[in-house]
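This is the structure we're talking about:
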């Protein structure tokens with residue numbers, strides 16, 4: 001016959017084991033890879049971009065599926081890693097894309113446009129915004145699998161005459177801005193400018209147009225033989241990565 005004290009110890013041990021099964025230990029968040037630079041190898045750039053977009057998707061999922069607190073709280077920060085505030089080593093263009101359905105007010109749009117570029121004094125000038133909401137989107141089956149970073153979606157969006165004209169105009173305006181700054185005596189390496197593109201979801205049309213603008217600027221700068229070159233940074237704030245996307 002078992003002693004009462006031993007039965008009590010067995011019950012205590014069983015309670016401890018039940019607690020361990022009920023509460024799973026917290027896992028440390030994954031460390032981000034080292035930020036990719038222009039001279040980084042392709043594999044490192046791909047790893048960084050994949051981490052950046054996966055982080056983007058997870059943060060937006062958490063934002064939309066987490067119950068909102070009723071007490072005052074700070075606004076949710078946008079999911080992109082912060083840009084460094086170091087002075088640029090070459091002319092830099094920032095192209096920001098966003099979803100109008102997620103930014104219903106002018107103040108929220110202004111917040112995005114100011115937080116997605118480095119802080120400068122005076123601030124980096126913003127040329128204008130391309131509104132792609134009335135342009136022809138890809139078919140639902142294409143939209144389900146790809147985003148605007150896919151060359152397939154870019155080709156489909158560029159079939160719309162308005163999209164082609166908007167992209168060509170943006171390339172001309174960005175180059176003209178750089179030339180005007182050079183004539184005014186600004187240092188070529190310190191020239192920075194931004195512009196933005198918006199659509200309903202911020203995933204297909206706006207992203208495709210922004211990527212084509214970036215390609216067009218780089219191609220034109222290379223054709224003109226500019227010694228300093230150009231750096232184009234696309235910040236797709238609300239883009240949802242598709243299963244068939246290259247990154």
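Numbering (full-length UniProt numbering), first residue to last: 1 to 247.
We put the CB at the ideal spot given by N, CA and C, even for glycine.
Can you look up residue i in the DSSP assignment and give me helix, strand or coil?
i           : result
residue 238 : coil
residue 208 : helix
residue 99  : strand
residue 174 : helix
residue 111 : helix
residue 231 : strand
residue 8   : helix
residue 150 : coil
residue 139 : coil
residue 224 : helix
residue 158 : coil
residue 124 : coil
Could you pull out every residue in the same chain whose Cβ sits closer than 7 Å to the Cβ of residue i, ignoring the five residues on either side in sequence?
i           : result
residue 154 : 148, 208, 211 and 212
residue 171 : 213, 216, 217 and 220
residue 146 : 152, 153, 242, 244 and 245
To the nearest whole angstrom, what separates the beta carbons of residue i and residue j, a pair I think is in contact under 8 Å?
i           : j           : result
residue 126 : residue 206 : No, residue 126 and residue 206 are not in contact; Cβ-Cβ is about 15 Å, not under 8 Å.
Give me, in chain order, the residues of the same chain whose beta-carbon lies closer than 8 Å to that of residue i; leave out the 5 immediate sequence neighbours on both sides.
i           : result
residue 174 : 93, 127, 193, 195, 213 and 217
residue 124 : 94, 117, 118, 192, 193 and 194
Go through its chain and collect everything with a Cβ distance to residue i's Cβ below 6 Å, but skip five positions before and after it.
i           : result
residue 157 : 163, 205 and 208
residue 143 : 204
Mind the definition here: the segment 171-185 touches the segment 135-151 only if three or more C-beta pairs lie below 8 Å; say whether that holds. The segment 135-151 and the segment 171-185 do not touch, with fewer than three beta-carbon pairs separated by less than 8 Å.
Hey, is the segment 190-210 in contact with the segment 91-103, meaning 3+ C-beta pairs nearer than 8 Å? The answer is yes - the segment 91-103 touches the segment 190-210, with three or more Cβ pairs under 8 Å.
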